Amino acid sequence: MKRTLNTWPILIFARANHMRRLQWAESTHKYKLHAVSPYHIHSLFNLVAKPENTDNMADWTDAEKSTISAVWGKVDITEVGPLALGRVLIVYPWTQRYFGSFGDVSTPAAIMGNPKVAAHGKVVCGALDKAVKNMGNILATYKSLSETHANKLFVDPDNFRVLADVLTIVIAAKFGAAFTPEIQATWQKFIKVVVAAMGSRYF
153 MKRTLNTWPI
163 LIFARANHMR
173 RLQWAESTHK
183 YKLHAVSPYH
193 IHSLFNLVAK
203 PENTDNMADW
213 TDAEKSTISA
223 VWGKVDITEV
233 GPLALGRVLI
243 VYPWTQRYFG
253 SFGDVSTPAA
263 IMGNPKVAAH
273 GKVVCGALDK
283 AVKNMGNILA
293 TYKSLSETHA
303 NKLFVDPDNF
313 RVLADVLTIV
323 IAAKFGAAFT
333 PEIQATWQKF
343 IKVVVAAMGS
353 RYF
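With the numbering used here applied, the sequence shown corresponds to residues 153 to 355, in that order.
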């Protein structure tokens, strides 16, 4: 279904540098107020030119597909996932509010030693694995996950970019000199599409 003007959420400027969206919920027949990151306001305008079911978010060459598969094939999800999520919680402490059930996240040592943080880090990387295997259909691959984060978990979509940046740092540290500028450029193109797909259901 193409999104029309009368199905777009209403944007409300609540206070400086913060926005809220008022969206109709079919299940309850009521409007719900959700937080929106200003970083993603461009997504609203992109909908004007793109149908909602557009899956071709990027054109991939065979070389790019091969590069992403090669990089990801060398990533140990059980190691990189926990390291990336733990670093996010330490460097960007406000993200801890989404993990209230994870127990002790009071110090860097507690975070990096927290088994729930480690387990969820593996889940995050497992979700990214789906994108690697569906590079021509990333938008559809993340449709349900994006809807869950937008309408049930109420996660600020800017956090997807934060996690992507930190994950790239962790991977670069693991690969060292092998993570060349050319490889990084391809990886950044891929991860940018993933972030956009994760934020696609916020409008």
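All residues carry an ideal CB built from backbone N, CA and C; glycine is no exception. The structure displayed is predicted, hence computed values, not measured ones.
The three-state secondary structure of Y250, taken from DSSP, is helix. Annotation for C277: I229, V232, G233 place their beta carbon closer than 7 Å to its own, counting only its chain and skipping 5 residues before and after.
Shortest Cα-Cα distance from L315 to any of G328, F254, T219, L280 involves L280. With a cutoff of 8 Å on beta-carbon distance, E216 and T338 are scored as near each other. For the set H301, K295, S298, Q340, the Cα lying nearest the Cα of W224 is the one of Q340. Around the C-beta of P267, fewer than 16 other C-beta atoms lie within 10 Å, and the residue is accordingly described as exposed. In this chain, the alpha helix (DSSP H) harbouring L237 covers 229–243. The count of Cβ pairs closer than 8 Å, one atom from the region 343–350 and one from the region 303–320, reaches three, so the stretches are in contact. A236 is positioned such that its CB atom lies closer than 8 Å to that of G273. For D211, there is no enclosing alpha helix (DSSP H), since its DSSP letter is neither H nor E. With contacts defined by Cβ atoms closer than 8 Å, M350 and Y294 form a contacting pair. Apart from the 5 residues on each side of it in sequence, D256 sits with its Cβ closer than 7 Å to the Cβ of A262, N266 in its chain, given in chain order. One thing to note: V318 has its Cβ within 8 Å of the Cβ of R239. Membership of G273 in the alpha helix (DSSP H) is indicated by the continuous run 267–285. Distance check between S218 and each of T320, E299, I323, K285 places K285 closest, using alpha-carbon atoms only.
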